[in-house]
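Take a look at the structure below.
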Amino acid sequence: MSQITYLTQEGYDRLKGELEEMKTTGRKEISMAIAEAREKGDLSENAEYDAAKDAQGMLEMKINELEKSLANVRILDESQLDTSKVVLLAYVTIANQSNGREMTYQLVSESEADLKLKKISASSPIGQGLLGKAVGDTALVETPAGQVSFLIKDIAAKSK
Numbered sequence: 140m141s142q143i144t145y146l147t148q149e150g151y152d153r154l155k156g157e158l159e160e161m162k163t164t165g166r167k168e169i170s171m172a173i174a175e176a177r178e179k180g181d182l183s184e185n186a187e188y189d190a191a192k193d194a195q196g197m198l199e200m201k202i203n204e205l206e207k208s209l210a211n212v213r214i215l216d217e218s219q220l221d222t223s224k225v226v227l228l229a230y231v232t233i234a235n236q237s238n239g240r241e242m243t244y245q246l247v248s249e250s251e252a253d254l255k256l257k258k259i260s261a262s263s264p265i266g267q268g269l270l271g272k273a274v275g276d277t278a279l280v281e282t283p284a285g286q287v288s289f290l291i292k293d294i295a296a297k298s299k
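Here the working numbering = 1-based position in the sequence shown + 139.
Dropping the structure here:
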């Protein structure tokens, strides 16, 4: 049984686009590379042909995995978020209690996580520590440098 993946509509659309790109352009490019290599003669000693066939196998594997993943997607509606506690898609403002530094992150699924965009995975140590907490709660997060405690300052459905 496959695991359910929770995504925003934006994340779902992005993955669907990647899948279509692989199925159309990716497959076309690889079949052209195979045809080109085939024209070069003896297939038993043709490294280009072997490399193109390996690339084809890898592409088909990626397509298969993405199709399985998309088959088990649940799209979350950000307008329906309960902001009484930290949940997937919520924007959470936290303060590091050792240095007072405040940060705001959105909790997302692993496939949508992007630290540059301040989107952290709910399955990451920080994400797991924050899930289910309410404003005013303290989240203890185990890091390689030791335990860090964060105070939950705010939970919102939209970025401020």
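Don't be surprised by glycine CBs; every beta carbon is placed ideally from N, CA and C.
- For glycine 239, there is no enclosing beta strand (DSSP E), as DSSP marks it with neither H nor E.
- Close CB contacts of alanine 229 within its chain, under the 8 angstroms cut and outside five residues either way in sequence, are with Leu220, Thr222, Gln245, Leu246, Ile294, Ala295, Ala296 (chain order).
- Scanning the region 194-249 from its first residue to its last, the whole beta strand (DSSP E) runs of 3-plus residues come out as 212-214, 230-235, 241-247.
- Under DSSP, the beta-bridge partners assigned to tyrosine 145 are Arg213.
- Under the three-pair Cβ rule at 8 angstroms, the region 194-213 does not count as touching the region 263-279.
- Going by DSSP, serine 170 is part of the alpha helix (DSSP H) stretching over 166-177.
- The criterion of a C-beta distance shorter than 8 angstroms is not satisfied by leucine 198 and glycine 156.
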